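The structure under discussion appears below in the form of structure tokens.
Residue numbers (my numbering): -17 to 178.
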């Protein structure tokens, strides 16, 4: 049965004319790919558009016989989605985190305890997080992406490397530079993580 076949076997079946094979591929991976896109763009309608564009590109590539990513179908689809996301942000000159995101949408410094904070301290914490969010938006795209995937999406560096089509060492390096740049901006703007 098709559901027991590997991604590569389904790709070959689809290229041989079995349309159902591609439907199985989409069903198998749509949740992961859509979630990845939605996480980045924070807009369900836009995420669906990019998702559809991504699989449209997948279909075109497969039908033209240009697919050569044997055994790496999902990382390949992630790369296509990633490129479409970056194209969207470049075209619209939008930062990865929108200004109207709520604090809970992107709380990198979730380790700042809030259970025992008074009203004034909670207001200070909220301002700190807003400042940090803005600074993250100024990071280079590659550093910003790794930082978000690691600290917010809790991906391993191997998963990040697969999603962004780089080596694990490159992903680690980008994370390191992202944190260095973030700390530098915090010093320049006199932002601290203390709410007391």
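Where is the CB? At the ideal position from N, CA and C, for every residue including glycine. A quick note: this is a predicted structure, and the numbers were derived from the prediction, not measured.
Item to check | Inter-residue Cα distance where the pair is residue 22 and residue 67 | outcome: 8 Å
Checklist entry - residue 11 lies in the alpha helix (DSSP H); which residues open and close that run? => result 1 to 23
Item to check | Spatial neighbours of residue 3 in its chain, beta-carbon cut-off 7 Å, leaving aside the 5 residues before and after | outcome: Contacts found: -16, -8, -5 and -4.
Item to check | As assigned by DSSP and simplified to three states, the class of residue 43 | outcome: helix
Checklist entry - Among 18, -13 and 20, which residue has its Cα nearest to the Cα of residue 5? => result Nearest of 18, -13 and 20 to residue 5, Cα basis: -13.
Next on the checklist: Along the chain, where does the alpha helix (DSSP H) containing residue 139 start, and where does it finish?
Outcome noted: Residue 139 -> alpha helix (DSSP H) spans 139 to 146.
Checklist entry - Roughly how many angstroms lie between the CA atoms of residue 166 and residue 140, to the nearest whole one? => result As the crow flies, the alpha-carbon of residue 166 is around 27 Å from that of residue 140.
Checklist entry - Can you tell me whether DSSP reads residue -5 as helix, strand or coil? => result Note: residue -5 maps to helix in three-state DSSP.
Checklist entry - DSSP state of residue 122, grouped into three classes? => result Of the three classes helix, strand and coil, the one that applies to residue 122 here is coil, per DSSP.
Item to check | Neighbourhood of residue 49 by C-beta distance below 6 Å, restricted to the same chain and skipping five residues each side | outcome: Closer than 6 Å at the Cβ level, and outside the excluded window around residue 49, lie 43.
Item to check | Buried/exposed call for residue 115, threshold 16 Cβ in 10 Å | outcome: Under this definition residue 115 is a buried residue.
Checklist entry - Are residue 145 and residue 131 close, meaning C-beta to C-beta below 8 Å? => result yes
Item to check | Selection from 40, 69 and 45 that minimises the alpha carbon distance to residue 58 | outcome: 40
Checklist entry - On the premise that residue 124 lies in contact with residue 156, defined as a C-beta separation below 8 Å, what is that separation, rounded to the nearest angstrom? => result 5 Å
Item to check | Enclosing alpha helix (DSSP H) for residue 157 [first to last residue] | outcome: 150 to 170
Checklist entry - So, is the C-beta of residue 114 closer than 8 Å to a C-beta in chain B? => result Absent from the structure is chain B; it holds one protein chain and no more.
Item to check | CA-to-CA distance, residue 35 to residue 181, given in whole angstroms | outcome: With the chain represented from -17 up to 178, any question about residue 181 goes unanswered, as that position is not in the structure.
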